[in-house]
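So the sequences go chain by chain: H and X.
Numbering of the first sequence is given in the working numbering, commencing with residue 1 and proceeding in unit increments.
Numbering of the second sequence is given in the working numbering, commencing with residue 216 and proceeding in unit increments.
2 protein chains.
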Amino acid sequence: MAKKKIQKKTAYHHGDLHGQLVTAARELIEKHGPDSFSMSDACRLAGVSTAAPYRHFSSKQDLVTEVARDGLARLGIDMENHAAHHPRGTIESIAAIGRAYVSFAIREPHTFRLMFSTEPHSGRIAEVKQVGMNSYGVLLREVARYLGEDGITDAVLRASFPLWTQVHGLSFLSIDGKLEVTDFPVDIEDSILLATERLLPAASELQTGETTQKT
Amino acid sequence: MAKKKIQKKTAYHHGDLHGQLVTAARELIEKHGPDSFSMSDACRLAGVSTAAPYRHFSSKQDLVTEVARDGLARLGIDMENHAAHHPRGTIESIAAIGRAYVSFAIREPHTFRLMFSTEPHSGRIAEVKQVGMNSYGVLLREVARYLGEDGITDAVLRASFPLWTQVHGLSFLSIDGKLEVTDFPVDIEDSILLATERLLPAASELQTGETTQKT
DNA sequence: AACATATGTTAGCAATAGTAACATAGTTAG
DNA sequence: CTAACTATGTTACTATTGCTAACATATGTT
């Protein structure tokens with residue numbers, strides 16, 4: 001059961017080509033953008049021939065999708081970690097989730113774009129969507145705590161979606177350089193906090209019971 | 216592939232190859248996505264050889280950028296038209312601009328994504344940004360009217376940006392199929408109106424003069 | 001040791017972006 | 001009108017790329 005380490009000792013078998021290709025792909029995509037990404041480059045980086053990847057991925061698309069899937073999972077972890085630094089179920093913890101979201105987008109803009117693009121993932125859309133939903137669950141649970149709801153009720157969904165929309169839009173505008181589109185630059189942290197306050201039902205509007213409010 | 220020649224007047228010179236290539240590119244990009252778009256396909260559609268486009272566009276990128284640029288301009292016209300159907304400077308006219316925005320995204324998702332992607336436009340980013348700014352101006356002017364401001368003041372910029380963010384995010388979530396991510400589907404019209412009301416300074420907070428409020 | 005399986009290689013194909021050399025049409029100067 | 005000029009098209013070609021096929025080597029099971 002002894003696992004071979006990642007070594008160039010044995011010329012032929014690579015050890016963990018699958019993993020290294022994903023890493024190589026992520027790095028290359030982040031460096032030159034997904035359009036310029038080529039399977040050949042990834043192979044050069046991993047030090048294998050151009051045919052090797054097809055033992056692990058059915059196509060270039062498939063590898064790219066793997067990068068996106070992995071990104072969505074990491075985003076969820078990021079959000080959870082950020083939220084954990086604040087009292088649970090508060091505006092602060094919810095805004096922290098938003099900051100994690102935008103922060104990820106700015107840190108890995110190309111991956112981020114891939115994560116929310118359905119086009120390159122044909123055939124695995126449902127799978128990717130599922131991973132994305134898991135990450136969205138971090139926000140949903142936090143909003144549920146804020147609203148005092150027991151579980152993911154309609155009220156929780158209704159309150160969460162505008163928040164998602166806002167940070168999602170802010171993320172894209174950020175990575176596409178639209179924050180300095182006027183001579184009045186936008187402050188990301190302020191934007192998130194302010195939008196969270198405005199979009200969430202105010203504390204005064206909250207019922208203490210689990211009554212669902214109608215619009 | 217459907218081979219649809221538009222004209223066959225003179226055998227050699229084409230008449231308006233530039234325009235027809237942009238049209239062909241837009242159609243193909245909208246049909247199969249920008250990744251699958253090939254110069255060759257556009258040539259087939261326009262009925263010319265694969266070398267012909269390079270008399271009009273320096274590269275494939277350049278043609279794609281033209282599609283994006285054109286899209287941004289058309290978006291601005293759409294927004295203006297929508298706003299004009301409502302009393303100017305009201306929440307209604309502002310929400311109408313948002314509806315035009317999301318509606319464009321849904322109608323031409325691939326083009327929309329290109330319009331806000333800086334990556335494929337290297338070398339012409341400033342130019343594309345300028346066209347985008349002109350279209351953004353439609354919203355800015357409408358918000359200025361709502362606030363009773365004389366021109367695009369800081370208050371106008373501060374109030375407009377969250378609105379842009381919101382419809383931008385809603386657009387992307389829509390075209391990426393995230394509206395039905397839970398079993399509680401989102402209503403786009405409602406979302407826009409509600410977010411506009413929440414994010415704009417309420418009528419009660421507004422000064423009647425042209426005083427700029429400070430934060 | 002022998003086989004089966006997983007994983008790597010080299011060779012090659014078809015499609016594509018882009019270039020070079022050449023051809024033809026429309027425009028303008030004489 | 002014709003000749004030259006310019007704009008715009010063509011065919012022929014190259015390099016790169018995604019991917020497949022046939023073959024080679026390592027690993028693990030019996």
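Glycine included, C-beta positions come from ideal geometry on N, C-alpha and C.
Quick caveat: nothing in here was measured; it's all calculated off a predicted structure.
It is roughly 47 Å from the alpha-carbon of Leu193(H) to the alpha-carbon of Asp256(X). For Leu421(X), there is no enclosing alpha helix (DSSP H), since its DSSP letter is neither H nor E. Residues of chain H whose Cβ lies closer than 8 Å to the Cβ of Asp391(X) are, in chain order, Phe116, Ser117, Thr118. Around the beta carbon of Ala83(H), a 10 Å sphere encloses 16 or more other beta carbons of the protein chains shown; the residue is thus reported as buried. Leu75(H) is outside the set of residues whose beta carbon lies under 9 Å from a beta carbon in chain X.
At least one CB atom of chain H sits nearer than 9 Å to the CB of Thr397(X). Closer than 9 Å to the CB of Gly148(H) there is not a single CB belonging to chain X. Spatial neighbours of Gln381(X) in its own chain (CB-CB distance under 6 Å, excluding positions within 5 residues in sequence) are listed in chain order as Ala410. Put simply, the stretch 272-286 of chain X touches the stretch 234-249 of chain X. At least three CB pairs are less than 8 Å apart.
A direct Cα-to-Cα measurement between Asp78(H) and Ile312(X) gives close to 34 Å.
Close CB contacts of Gly169(H) within its chain, under the 7 Å cut and outside five residues either way in sequence, are absent.
Apart from sequence neighbours up to five positions away, the residues of its chain that approach Val401(X) with a beta-carbon distance below 6 Å are Leu394, ordered along the chain.
For the stretch 338-406 of chain X, the continuous alpha helix (DSSP H) assignments of 4+ residues that do not extend past its boundaries occur at 340-362, 369-390, in sequence order.
Taking 7 Å as the upper bound on Cβ-Cβ separation, chain X lies near no residue of the stretch 79-109 of chain H. Distances from the CA of Ser59(H) to each of Glu197(H), Leu147(H), His121(H) were compared; the closest alpha carbon is that of His121(H). With respect to the 9 Å criterion, Arg356(X) and Pro249(X) are not classified as neighbours on the basis of their beta carbons.
Residues Ala144 of the same chain have their beta carbon placed closer than 7 Å to that of Gly151(H), with the five preceding and five following residues left out of the count.
Taking each of Met348(X), Ser253(X), His325(X) in turn and checking the Cα distance to Thr182(H), the smallest one comes out for Met348(X).
In the same chain as Val102(H), and ignoring 5 residues on each side of it, the C-beta atoms closer than 8 Å to its own belong to Val167, Leu170, Ser171, Ser174, Ile188, Ile192, in chain order. With its beta carbon at least 9 Å from every one in chain H, Ser419(X) lies outside the interface.
The Cβ-Cβ distance between Met115(H) and Gly71(H) falls below 9 Å. Residues Thr65 of the same chain have their beta carbon placed closer than 7 Å to that of Arg124(H), with the five preceding and five following residues left out of the count. Listed in chain order, the positions of the stretch 50-69 of chain H with a beta carbon within less than 7 Å of a beta carbon of chain X would be empty, since no residue qualifies. Minimum Cα-Cα distance from His110(H) among the listed residues Ala320(X), Ser332(X), Arg322(X) corresponds to Ser332(X).
Put simply, the CB of Leu372(X) is near chain H, with a gap under 9 Å to one of its CB atoms.
Against chain H, a Cβ distance below 8 Å from Phe376(X) picks out Val186, Ser191. One alpha carbon belongs to Glu295(X), the other to Glu80(H), and they sit about 41 Å apart.
For His297(X), the enclosing alpha helix (DSSP H) stretches over residues 275-299. DSSP places Glu92(H) in the uninterrupted alpha helix (DSSP H) bounded by 91-107. About 14 Å separates the CB atoms of Leu28(H) and Val48(H); that is not less than 8 Å, and the two are not in contact. By the neighbour-count definition (other C-beta atoms within 10 Å, threshold 16), Glu149(H) is a buried residue.
In the three-state DSSP reduction, Val22(H) falls in the helix class (H, G or I). With fewer than 16 other CB atoms across the displayed protein chains lying within 10 angstroms of its CB, Lys246(X) is exposed.
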